Structure formats: structure tokens, C-alpha cells
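Visitor:
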Amino acid sequence: MFLQVLRPNYSYESLYHIGPEDLKAKGLKGLIIDLDDTSLEHGGAFLSHEREAWFSSLLHSGIKICLVSNNTSVRVKNISDSLGVPYVSNAMKPFKRAFRKALEALDLPAHQVAGVGDQIFTDIWGGNRAGLITILVTPLGSREHWWTRMIRRVERPFRRSPSP
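Okay, so the sequence shown: first residue is 27 according to this note's numbering, each after it adds one.
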């Protein structure tokens, strides 16, 4: 059913609630993570020290990470270089192409990877179509593009309470 591809497998209040032990218990070895409003505030250029520490803790625990963003390559590359992780820019989510590229970069099968993002119609839909486990997080910050604010109203019925 079409509506099922719009539902995340899990929901969390923020990235910080997603820990390496929890991921490993779910059989996950990698994450494909969105950039804007998921990893950093809309338009932000640098990760906070707290977010860098979160990424670092996952990487040190053996979780592989790839950033996937509809944003331009220069911006995504700067963030991915600071973390030492691969990236896919100009992703055109929810199309599967970017998710496939990310899976290749991670060298993992889809069933061992979760797609993490803040938007139903890009991150969750695309991740589900690509066969990933999907994790929806609450968007960071309050400053958003007018289009994103409009889309979030349409997404409301598909959001669920955060997972335990």
C-alpha cells in the first residue's frame, strides 16, 4: 500500500537518542543521514561540538555513516570532510539513486542500514523505497524554508510518537 512507504520504522526526538547499542541490537551496521534540519540547522555551515561528538561515538563503535542531501556538493562535502565520512549531494530524494550510491559507499546491504531524516516525503519515502530501515527525527531549529513549512503540514498525519 502506498501509505506504508511514508511511515518510518522508528521515530526519535533527536539524533542524540539514537545510540550505537540500539542500532546494533536492531542488526544495523550503517546509517544514511540527511543534513539540513536533521544533522544541522537549516542553512548551517558547521556541526556543533555536541553533534560532532555524536557522530564520532557512532563511528568509533563501528557504525558506518554516509551523508545524503538534496543540497549542493560544496556544502555537503565540507561537512562530510570534517567527519571523515562519504556523502551523496544533489540527491533528488525520494528517488532511489542516491540511496543506492550511499549503500555502495558504505559497502553494506540495505537491510543493515537505516535512513535517518526529518522529512517524510524525502528521507522516509526514499529510504523505504530503497529497502532501508527508516528513522524519523524531529527537525532541528525553527527556521525553515517556506516550502518545507508547507510540506510539514501535509506530513503531520504520518508522524508517530518517538520510539522507546
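Cβ atoms here follow ideal geometry from the backbone N, Cα and C, with glycine treated the same way.
If you're wondering where the values come from, they're calculated on a predicted model, not measured in any experiment.
1) Closest to alanine 79 by CA distance: which of Ile146, Val94, Ser108, Asp62 is it?
2) Should threonine 98 go down as buried or exposed, given a rule of 16 or more other Cβ atoms within 10 Å for buried?
3) For asparagine 154, which residues in the same chain have their Cβ closer than 6 Å to its Cβ, ignoring the five residues on either side in sequence?
4) Quick one: what's got a C-beta closer than 6 Å to methionine 118's C-beta in the same chain, skipping five residues either side?
5) For lysine 52, does the count of other Cβ atoms within 10 angstroms reach 16, so buried, or fall short, so exposed?
6) By the three-class DSSP mapping on this structure, what secondary structure does aspartate 48 have?
7) Using the Cβ count rule (16 or more neighbours within 10 Å means buried), how would you classify serine 74?
8) So leucine 61 and lysine 90 are in contact, right, with Cβ under 8 Å, and what is the actual spacing, rounded?
9) Would you call phenylalanine 125 buried or exposed, if buried means 16 or more other Cβ atoms sit within 10 Å of its Cβ?
10) Using DSSP bridges, identify the partner residues of aspartate 62.
11) Would you mind giving the Cβ-Cβ distance between proline 46 and isoleucine 150, rounded to the nearest angstrom? I have them listed as a contact below 8 Å.
12) Please work out which residues of its chain come closer than 7 Å, Cβ to Cβ, to valine 111, disregarding the five sequence neighbours upstream and downstream, and give them in chain order.
13) Take the Cβ of tyrosine 36 as the centre, count every other Cβ of all protein chains shown within 10 Å, and call the residue buried at 16 or more, exposed below.
14) Would a C-beta distance cut-off of 8 Å place leucine 158 and alanine 136 closer than the cut-off?
15) Could you give the distance in angstroms between the alpha-carbon of leucine 41 and the alpha-carbon of aspartate 144?
16) Give the single residue among Lys122, Ala156, Phe81, Gly69 whose Cα lies nearest to the Cα of leucine 166.
Guide: Answer, in terms of the structure:
1) Ser108
2) exposed
3) Val31, Thr160
4) none
5) exposed
6) helix
7) exposed
8) Wrong, their Cβ atoms sit about 17 Å apart, outside the cutoff.
9) buried
10) Leu66
11) Not a contact, Cβ separation roughly 22 Å.
12) Ile91, Cys92, Leu93
13) buried
14) yes
15) 10 Å
16) Gly69
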